[in-house]
Amino acid sequence: MGQTACGCTHMNEPGNPADKTAHNRILQARTALVLEHPFFASLALRLEVQEDPSCQTAWTNGKIFGYNPSYVRCLDHKKLLGLCAHTVMHPACGHHTRRNQRDPSLWNKACDLAINPILRDAGISLPDGFLLEERFRDKTADAIYEAMVSEKNREEQSPEPGDQSPESFQEKDNASSDISIQKESQKQGADPQEPSTDWEQALVQAAATARAMGKLPRSIDRLVEHVISPKLGWKELLSRFIQQSARSDYSWTSPNRRYIHKNLYFPSLSNHQLSDLVVAVDTSGSIQAQELDQFAAELSAILAAFPARLHLLYTDMRVHKYQVLEQWDLPLVFEAKGGGGTDFRPAFAAVSENQIHPACFIYLTDLECRLFPSKKPFFPTLWVKTGQKGVTPPFGQVIHLTP
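Note that the sequence shown covers residues 0 to 402 in numbering that gives the first Met the number 0.
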């Protein structure tokens with residue numbers, strides 16, 4: 000959240016805080032996140048909580064959540080939850096490993112401006128004085144930093160001292176009393192060799208847990224896709240979507256043993272199997288035979304590892320053919336058909352008409368149609384898009400099938 004890096008010479012041992020009231024409030028806030036915001040709770044448990052009276056508010060280096068107990072005492076419950084969520088979003092976004100030679104104070108501000116809109120959209124109440132500028136919404140910390148540096152350089156070169164822009168970052172130096180991001184090597188307990196992919200994996204896992212509980216904010220879902228999608232090809236994204244769907248049956252009756260020793264109760268997975276999978280193939284003639292073969296081969300490989308009953312629909316303006324396939328029908332061979340126009344509604348209607356209860360729904364199409372179901376389906380939906388055109392669907396995730 001935007002203060003300069005503070006020292007930690009007076010940091011107390013993690014198990015022996017001088018101010019036990021403040022320490023317990025932090026722990027209670029993390030526990031409350033489990034039910035209110037499970038995505039942030041999963042990530043917050045990765046940080047070791049340590050009292051640090053020498054810092055102004057709080058800091059993190061990807062290993063430790065250091066906090067000033069006096070500051071914690073001043074926050075009400077909702078804003079303390081916001082402090083915990085904000086703190087953990089920095090390492091979740093890799094901010095503690097990407098600073099490099101950048102100015103620490105300016106980098107902190109850029110990171111805050113990147114994540115605070117996401118937190119607000121997720122329903123998080125942030126402590127007073129947080130940084131928020133709409134012009135930086137949906138921008139990365141790197142892009143925001145470069146914009147702020149450019150503004151600073153223009154102001155320093157300006158011959159008129161009174162010509163500062165009202166949006167100048169310099170005017171916001173005292174607007175925040177929030178969290179400092181430390182480089183991994185700056186704080187005790189940090190491991191400079193820790194790969195950033197550990198936090199990326201944690202981000203994906205936390206999102207999967209919250210999504211299965213029906214509590215994944217849309218802003219976080221977009222963030223996860225932004226972080227992960229550019230690094231994965233369509234095959235990996237398809238596999239990840241199916242695996243997440245297969246692991247989506249969570250139960251509170253058998254708590255997750257990984258967190259019980261911390262007196263925290265998360266739901267555990269009660270079923271690791273993928274039951275029914277629906278695949279709709281757009282037969283309007285826009286999908287090439289080579290694309291059909293690619294998709295069928297990759298889906299066959301995934302289903303060989305994740306056995307499931309496959310409900311296959313060939314559809315354009317209506318469903319022309321419906322097949323139920325089992326593992327012994329692998330490898331899949333999709334039929335290349337030509338047809339008329341496209342309407343996405345019949346394929347989704349076929350799910351209820353045939354009393355299918357799918358773990359997920361995958362639609363292979365060019366998305367050149369605006370006829371979608373009026374209501375979002377209850378199951379996860381993946382659009383595997385071909386071609387360069389098409390519209391953005393009102394629900395579901397989109398991946399692009401590439402050669």
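Idealized CB from N, CA, C, for every residue including glycine.
Nothing here was measured: the structure is a model prediction, and the numbers come from that model.
Burial check for ARG72: the Cβ neighbour count within 10 Å stays below 16, so the residue is exposed.
Around the beta carbon of GLN49, 16 or more other beta carbons sit within 10 angstroms, so the residue counts as buried. Cβ contact annotation for SER244 (same chain, cutoff 6 angstroms, sequence separation greater than five): ALA358, CYS359 and PRO379, in chain order. Under the three-state reduction of DSSP output, LEU34 falls in the helix class. Segment contact: the segment 96-112 against the segment 32-52, fewer than three CB-CB distances shorter than 8 angstroms; contact not assigned. When the beta-carbon positions are compared, GLY284 and MET316 stay at least 8 angstroms from each other. Judged by DSSP secondary structure, GLY65 falls within the beta strand (DSSP E) whose first and last residues are 63-66. Closest in C-alpha terms to PHE371, from the list GLY389, HIS22 and ALA140, comes GLY389. Using a Cβ distance threshold of 8 angstroms, VAL87 and PHE129 do not count as a contacting pair. Distances from the alpha-carbon of LYS77 to those of ALA288, SER69, SER124 and GLY213 put SER124 closest. Using a Cβ-Cβ distance cut-off of 8 angstroms, the segment 53-71 and the segment 110-117 are not in contact, since fewer than three pairs of beta carbons, one from each stretch, lie closer than that value.
In the DSSP annotation of this structure, the continuous segment of the alpha helix (DSSP H) that includes ASP292 starts and ends at 288-304. Nearest in C-alpha terms to GLN396, of all of GLN200, ASP220, SER41 and CYS83, is ASP220. In the DSSP secondary-structure assignment, CYS359 is bridged to LEU276. Here DSSP, grouped into helix, strand and coil, assigns ILE143 to helix. Within the same chain, and ignoring the five residues on either side of PRO306 in sequence, the residues whose Cβ sits closer than 6 angstroms to its Cβ are GLN326. In this chain, ALA307 is not harboured by any beta strand (DSSP E), its DSSP state being neither H nor E. By the Cβ-count criterion, HIS95 is buried, with 16 or more other Cβ atoms from all chains shown falling within 10 Å of its own Cβ. Leaving aside the five residues that flank LEU131 on each side, the residues in its chain whose CB is nearer than 6 angstroms to its CB run, in chain order, ASN115. Judged by DSSP secondary structure, ILE398 falls outside any alpha helix (DSSP H) and instead within the beta strand (DSSP E) spanning 396-399.
Within 10 angstroms of the beta-carbon of PRO90 lie 16 or more other beta-carbons, which makes it buried. When the beta-carbon positions are compared, LYS234 and GLU297 come within less than 8 angstroms of each other. Put simply, of ARG119, ASP127, PRO126 and ASP141 the residue whose alpha carbon is nearest the alpha carbon of GLU133 is ARG119. In the structure shown, GLN204 adopts helical secondary structure according to DSSP, grouped into three states. Secondary structure note for VAL332: it is in no alpha helix (DSSP H), with a DSSP letter that is neither H nor E.
Out of VAL280, LEU302, SER104 and LYS375, the CA that lies nearest to the CA of TRP58 is found in SER104. A direct Cα-Cα distance of roughly 5 angstroms separates LYS320 from TYR313. Here the alpha carbons of PRO330 and SER299 stand approximately 5 angstroms from one another. The criterion of a C-beta distance shorter than 8 angstroms is not satisfied by VAL280 and ILE355. In this model, ILE117 and SER373 are separated by some 27 angstroms (Cα to Cα). Per DSSP, reduced to three states, the secondary structure at GLU235 is helical. Residue state for ASP137 is assigned as coil, using DSSP reduced to three classes.
In the three-state DSSP reduction, GLN156 falls in the helix class (H, G or I). Judged by beta-carbon spacing, THR401 lies beyond the 8 angstroms limit of TRP382, meaning their Cβ atoms are not closer than that value.
Taking all protein chains in view, the Cβ of SER41 is crowded by 16 or more other Cβ atoms within 10 Å, so the residue is classified as buried.
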